[in-house]
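Participant:
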Amino acid sequence: MGMDTVLDMGDTFLTGKNTLGAIDSVVEEKVDREDRTTVGTQFVDDARMTCRDVNVFYGDKQAIRSVSIDVANNEVLAMIGPSGCGKSTFLRCLNRMNDTVDICRVKGEILLDGHDIYDKSVDVVPLRAQVGMVFQKPNPFPKSIYDNVAYGPKIHGIVNSKTELDGIVEDSLKKAGLWNEVSDRLDEPGTGLSGGQQQRLCIARAVAVRPEVILMDEPCSALDPIATATVEDLITELKEQYTIVIVTHNMQQAARISQRTAYFHLGDLVEVGATDRIFTNPLHQLTEDYITGRFG
Amino acid sequence: MEKQTPSTMDIVNRGLARRYRKEKQFKLLGLSAIIASLMFLVFLFGSIVANGWTAFRQGAIYLDITFDEQALQVENLRNANYGKLIKTSMAELFPDVSGRSQTRRLNKLVSSGAAFELQDMVLSDPGLIGTTKLVRLPVDDEVDMLLKGHISRDVPESERRISDEQIAWVDQLVEAGRLQLEFNTTFFTAGDSREPELSGIKGAIMGSMFTLLVTLALSFPIGVAAAVYLEEFAPSNKWTDFIEVNINNLAAVPSIVFGLLGLAVFLNFFGLPRSAPLVGGLVLTLMTLPTIIIASRASLKSVPPSIREAALGVGASKMQAITHHVLPLAMPGMMTGTIIGMAQALGETAPLLMIGMVAFIVDVPGSFTDPSTVLPVQIYLWADSPERAFVERTSAAIMVLLTFLICMNGVAVFLRKKFERRW
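Respectively, the protein sequence lines represent chains A and B. If you want the numbering used here, it's the position in the first sequence, counting the first as 1, plus 321. If you want the numbering used here, it's the position in the second sequence, counting the first as 1, plus 23.
(1) Check each candidate in B:Thr212, B:Leu204, B:Leu129, B:Leu253 and name the one with the smallest Cα separation from lysine 171 (chain B).
(2) Verify whether the separation of the beta carbon atoms of aspartate 423 (chain A) and serine 329 (chain B) is less than 7 Å.
(3) Residues in the same chain with beta-carbon distance under 7 Å from alanine 368 (chain A), minus the five sequence neighbours each way, listed in chain order, please.
(4) In angstroms with no decimal places, state the Cα-to-Cα distance between glycine 38 (chain B) and glutamine 48 (chain B).
(5) Do glycine 361 (chain A) and histidine 586 (chain A) have their C-beta atoms closer together than 7 Å?
(6) What would DSSP say about alanine 384 (chain A), mapped onto helix, strand or coil?
(7) Return the residue from the list B:Pro244, B:Asn432, B:Phe206, B:Ala56 that minimises the CA-CA distance to isoleucine 316 (chain B).
(8) Between A:Val530, A:Gln519, A:Pro532, A:Glu561, which has its C-alpha nearest serine 542 (chain A)'s C-alpha?
(9) Please report whether the beta-carbon of serine 329 (chain B) lies at a distance below 7 Å from any beta-carbon of chain A.
(10) Round the Cβ separation of leucine 307 (chain B) and alanine 250 (chain B) to the nearest angstrom and send it over; I've been treating them as touching at under 8 Å.
(11) In the DSSP assignment, find the unbroken alpha helix (DSSP H) run with aspartate 589 (chain A) in it and report its ends.
(12) Tell me the rounded alpha-carbon separation between lysine 495 (chain A) and glutamate 254 (chain B).
(13) Give the secondary structure of cysteine 425 (chain A) by DSSP, where H, G and I count as helix, E and B as strand, and everything else as coil.
(14) List, in order along the chain, the chain B residues whose C-beta lies closer than 7 Å to that of arginine 598 (chain A)?
(15) At the level of alpha carbons, what is the spacing between tryptophan 192 (chain B) and phenylalanine 211 (chain B)?
(16) Using 7 Å as the limit for Cβ to Cβ distance, is methionine 370 (chain A) near chain B?
(17) Out of A:Glu539, A:Glu533, A:Ala575, A:Ala583, which has the shortest C-alpha to C-alpha gap to glutamate 561 (chain A)?
(18) Given that a residue counts as buried once 16 or more other Cβ atoms are within 10 Å of its Cβ, and exposed if not, what is glutamate 553 (chain A)?
(19) Strictly under 7 Å for the Cβ-Cβ distance: is valine 251 (chain B) near chain A by that measure?
(20) What does DSSP give as the partner residues of methionine 229 (chain B) in its beta bridges?
(21) Counting only runs that start and end within the stretch 142-172 of chain B, where is the beta strand (DSSP E) found for 3 or more residues in a row?
(22) From the beta carbon of tryptophan 446 (chain B), is the nearest beta carbon of chain A less than 7 Å away?
(23) With 16 other CB atoms within 10 Å as the buried threshold, where does glutamine 189 (chain B) fall?
(24) 7 Å is my cut-off, CB to CB: does aspartate 423 (chain A) come that close to chain B?
(25) Does any residue of chain A bring its CB to less than 7 Å from the CB of glycine 338 (chain B)?
(26) Give the secondary structure of glutamine 518 (chain A) by DSSP, where H, G and I count as helix, E and B as strand, and everything else as coil.
(27) Three-state secondary structure (DSSP) at asparagine 260 (chain B)?
(28) Indicate whether at least one CB of chain E lies closer than 7 Å to the CB of serine 325 (chain B).
(29) Which residues of the stretch 349-382 of chain B have a Cβ closer than 8 Å to any Cβ of chain A? Give them in chain order.
(30) Beta carbons nearer than 7 Å to chain B: which residues of the stretch 463-492 of chain A have them?
(31) What does DSSP give as the partner residues of alanine 393 (chain A) in its beta bridges?
(32) Kindly indicate if chain B contains any beta-carbon less than 7 Å away from that of asparagine 460 (chain A).
(33) Go ahead and pull the three-state DSSP assignment for tyrosine 403 (chain B).
(34) If we count the other Cβ atoms within 10 Å of its Cβ and call it buried at 16 or more, is tryptophan 405 (chain B) buried or exposed?
(35) When we look at the beta-carbon of aspartate 187 (chain B) and count the other beta-carbons within 10 Å, is it buried (16 or more) or exposed?
(36) Indicate the three-state DSSP secondary structure (helix, strand or coil) for histidine 477 (chain A) in the structure shown.
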């Protein structure tokens, strides 16, 4: 599918399979604001997670409307959009954190490596071990740094010995770029660290369980620019081993760290595409309005 | 001439003095309220201590007792006439006292319980027989009151329960160094008694302890489990709303109603023993449960949801998130609530009256099913007694009860401070 097709199709833009970077020249005519069909490259060939027709309701209110998107292996997928657009809600569907909200119902299909995670037979405990999560506000346990990282491996019984556990803790803290700062005070409380260190501790805690996918919900929103830069570097490194889905308010951040970007607007997934393309040549008028700062 | 409109600053400045005056008045009002309540408190404690501190001292008489073989009839130590030993000793001290009634008045100076003390001494050490020994014995409560100055020598003889003659004997004994006030150990080692000088609060303390043990053992686990279920697991529907409303209502039910319930259910239906700490504990459990559940739920609610999310996010099961993270963080609040509930239970009288813990019980209870009484009920019983010596004992028992309550609240504060975690 090339440029011409896109234009010829008018309002019904790409919903089929596409490859990254297929559209590289500037599109003159944007998709109309009223049209909420997803445009761009929603689907990829080597998908780790596939979401089809996902709807989320809080009671009677629909928070997510028919979202279909793939998460590719070892990519960083950024989800951007104005406040209340449902990007965090959607993120929390990916490891069923929304189960904890009584009134929340999820419809549709979300597959991790081909298995429906919302299937009745699926246990959320191993699912969350596979799909780890880092939250908006750093939330270390009020325990020692060591115990924070060791908690996941311990409850899952990943380790058999203390030395093995020590290894995992060191390895995870190294991956989170925190080892050099805390190696001599592992028994101090994790809550005593600075905000940026706490967030990296939370990343180390998520990594320690050896997940396949890591979900990050605005991990830098509570951090200063220097701590943010450290965490961003870290995300870029983690990408080599993990698939990362990150929600962010910060478009520069999305541009810096992600390969693909998804733009959510009031519960609709409006556009997905290669990050470079989204920020230089959005297909949808709403995307352009958002990234040029007209709202949000 | 054009009328000048005042500037905003002028208007503000004009009202300023009034505003500050209002603030000052409000502050003064608050301060006077604090002072008033402090004064009430000081008055309360002051009157209790002033009335009660003398009860911690007790008159004791030192007599040379000859454990005479003939008088004791060695073959039957249990039924021997120990009172005779005391009478002999007293007669030796006051050789000029003669006649039946005068001798009886003299012997009344010594407590009627003194003979039992001698019996206990001989039974525990039969080697005493045949020897003479200086023995410390309790005096009668009227003599005790006289020594403490609660009986005035100025009132006419007919209006006091101790005669001029007896006062003269007492003065002689004091002069001889045989009669003096000493620390009142009986008060802490004896059960209740009809004789004030022989009565103590050990029975009530033990009863309170057994009762509170039952209450704690039942209400803490049940209360915490109920709170955890309601807060963490229960689906939010009209049933849980109904339960919640009822728990809150239960906290406001007058405690005597729980006593009636205990009487109807535990005593009459289940046939549990009357006056037993076991039943008292069950009744007080019913009474403290709402307090503990409400306090525990509040402390569970105060655990930040981010901690729960963090635990769930690394794949902890709900149970693990609760037992590993939420409960430890909520525990200080739960313990505080429990101790406050316990303190409430310790001071409770009304429901225990209903299940017979108001009986006059001399023996110190040794188990959960022995008949017993508790501290506040003991205070109630003593307050009802006419003897002057029971007045000071009433106040002294209140002081002991208050000490326990203050200690329990102190422990609650300590636990909260120690286990409180910040994040």
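Where is the CB? At the ideal position from N, CA and C, for every residue including glycine.
Facilitator: A quick look at the data gives this:
(1) Comparing alpha carbon positions, the residue from B:Thr212, B:Leu204, B:Leu129, B:Leu253 closest to lysine 171 (chain B) is B:Leu204.
(2) Not a contact, by the Cβ cut-off of 7 Å.
(3) If we look at alanine 368 (chain A) and ignore the five residues flanking it on each side, its Cβ neighbours are Asp391, Val392, Ala393.
(4) Whole-angstrom Cα-Cα distance: 16 Å.
(5) Cβ atoms of glycine 361 (chain A) and histidine 586 (chain A): not closer than 7 Å.
(6) Three-state result, alanine 384 (chain A): strand.
(7) Comparing C-alpha distances from isoleucine 316 (chain B) to each of B:Pro244, B:Asn432, B:Phe206, B:Ala56 shows the shortest one belongs to B:Pro244.
(8) Closest by alpha carbon: A:Gln519.
(9) Chain A, which has a Cβ nearer than 7 Å to the Cβ of serine 329 (chain B), makes this yes.
(10) Incorrect: roughly 18 Å between the Cβ atoms, too far for contact.
(11) Where aspartate 589 (chain A) is concerned, there is no enclosing alpha helix (DSSP H), although the beta strand (DSSP E) it sits in stretches over 589-595.
(12) Going from the Cα of lysine 495 (chain A) to the Cα of glutamate 254 (chain B) covers about 38 Å.
(13) DSSP places cysteine 425 (chain A) in strand when its eight states are reduced to three.
(14) Under a criterion of Cβ atoms nearer than 7 Å, no residue of chain B is adjacent to arginine 598 (chain A); the nearest Cβ is some 32 Å distant.
(15) If you take the alpha carbons of tryptophan 192 (chain B) and phenylalanine 211 (chain B), they lie about 29 Å apart.
(16) Taking Cβ atoms only, chain B never reaches closer than 7 Å to methionine 370 (chain A), which makes this a no.
(17) Closest by alpha carbon: A:Glu533.
(18) For glutamate 553 (chain A), the number of other beta carbons within 10 angstroms of its own is at least 16, and it is reported as buried.
(19) Not one chain A Cβ lies under 7 Å of valine 251 (chain B).
(20) BP columns for methionine 229 (chain B) are empty, so no partner.
(21) Unbroken beta strand (DSSP E) stretches of 3 residues or longer found wholly inside the stretch 142-172 of chain B: 155-161, given in chain order.
(22) Low confidence applies here, because tryptophan 446 (chain B) scores a pLDDT of 48, under 50, leaving its location unreliable and the question unanswered by this model.
(23) Glutamine 189 (chain B) comes out buried.
(24) Aspartate 423 (chain A) has a beta carbon lying within less than 7 Å of a beta carbon in chain B.
(25) With 7 Å as the cut-off, glycine 338 (chain B) counts as an interface residue toward chain A.
(26) The answer is helix: DSSP assigns glutamine 518 (chain A) an H, G or I state.
(27) Here asparagine 260 (chain B) sits in coil by DSSP.
(28) Absent from the structure is chain E; the protein chains it does hold are A and B.
(29) Hits within the stretch, in order: Leu352.
(30) Per Cβ criterion, the list reads Pro463, Tyr472, Gly473, Ile476, His477.
(31) Residue pairing by DSSP places alanine 393 (chain A) opposite A:Ala368 in a beta bridge.
(32) Taking 7 Å as the threshold, the shortest C-beta distance from asparagine 460 (chain A) to chain B falls below it.
(33) Tyrosine 403 (chain B) falls in the helix class under three-state DSSP.
(34) By the neighbour-count definition (other C-beta atoms within 10 Å, threshold 16), tryptophan 405 (chain B) is a buried residue.
(35) It counts as exposed.
(36) Histidine 477 (chain A): helix per DSSP, three-state reduction.
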